[in-house]
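Reading through the structure tokens given below for one structure.
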Amino acid sequence: MTGSATYALLAVPFLGVAALVAVAAGAVAARRRGAGGRRVGIVSAVVAGAVLLVMTGVFNNVIVGLGIVAYDPALVSGARIGLFPVEDLAYSVGAALLLPSCWVLLERPVRSERPGQPTHRPEETP
């Protein structure tokens, strides 16, 4: 490590909160889904997060390479992916955790998931 890693230290509390929200969302999703639920949401979130990280890496290298953005060497850990410091991925990791987690937590349960409601749809009459 070449610097004091101030950027990394700044990201730690935010990533911690994102991780806590993700754990809470996982618990809510498991409760809603039950033991035999599908894992499509998790797979979708992982794929979207991976794409986000790859695209972040590509564009961070471009903007650092063009000189649009520069990082103070005294404030980064020294570990780099191409031209940008690894700490810069913290924002993408936080977004990849928080967005699907907030989606789960803010989603209104469907009628069959609400307590006290029938799990079948009443027949429609003409």
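Residue 859, in this note's numbering, is where the sequence shown stops; the numbers in between run on with no holes.
Ideal Cβ placement from N, Cα and C applies to all residues, glycine included.
All of these numbers come straight from a predicted model, not from anything done at the bench.
Straight-line gap, residue i to residue j (C-alpha atoms, nearest Å)
i, j, result
"Trp836", "Ser737", "35 Å"
"Ala812", "Arg841", "42 Å"
"Ala823", "Val773", "25 Å"
"Phe792", "Val819", "13 Å"
"Ala763", "Asp805", "43 Å"
"Val778", "Gly827", "In the sequence as displayed, the identity of residue 778 is Ala instead of Val. So the alpha carbons of these two residues sit roughly 12 Å apart."
"Arg765", "Ala751", "21 Å"
"Asp821", "Val780", "20 Å"
"Val761", "Ile775", "13 Å"
"Val756", "Leu743", "21 Å"
Segment limits, alpha helix (DSSP H) that includes residue i
i, result
"Ala828", "Ala823 to Leu839"
"Arg772", "It is not in any alpha helix (DSSP H) - Arg772 carries neither H nor E in the DSSP assignment."
"Pro746", "Thr739 to Arg766"
8 Å Cβ cutoff met for residue i and residue j
i, j, result
"Thr739", "Leu816", "no"
"Leu799", "Ala829", "no"
"Trp810", "Ala741", "With the sequence shown as reference, residue 810 is identified as Ser, and Trp is not the correct amino acid for it. Yes, the Cβ-Cβ distance between Ser810 and Ala741 is below 8 Å."
"Gly782", "Ile814", "no"
"Leu832", "Ala758", "no"
"Ser834", "Val745", "no"
"Val787", "Ile796", "no"
Simplified DSSP state of residue i, which is helix, strand or coil
i, result
"Ile796", "helix"
Residue i beta carbon near the ligand MG (any heavy atom closer than 7 Å)
i, result
"Arg772", "The ligand MG is absent from the structure shown, which contains no ligand whatsoever."
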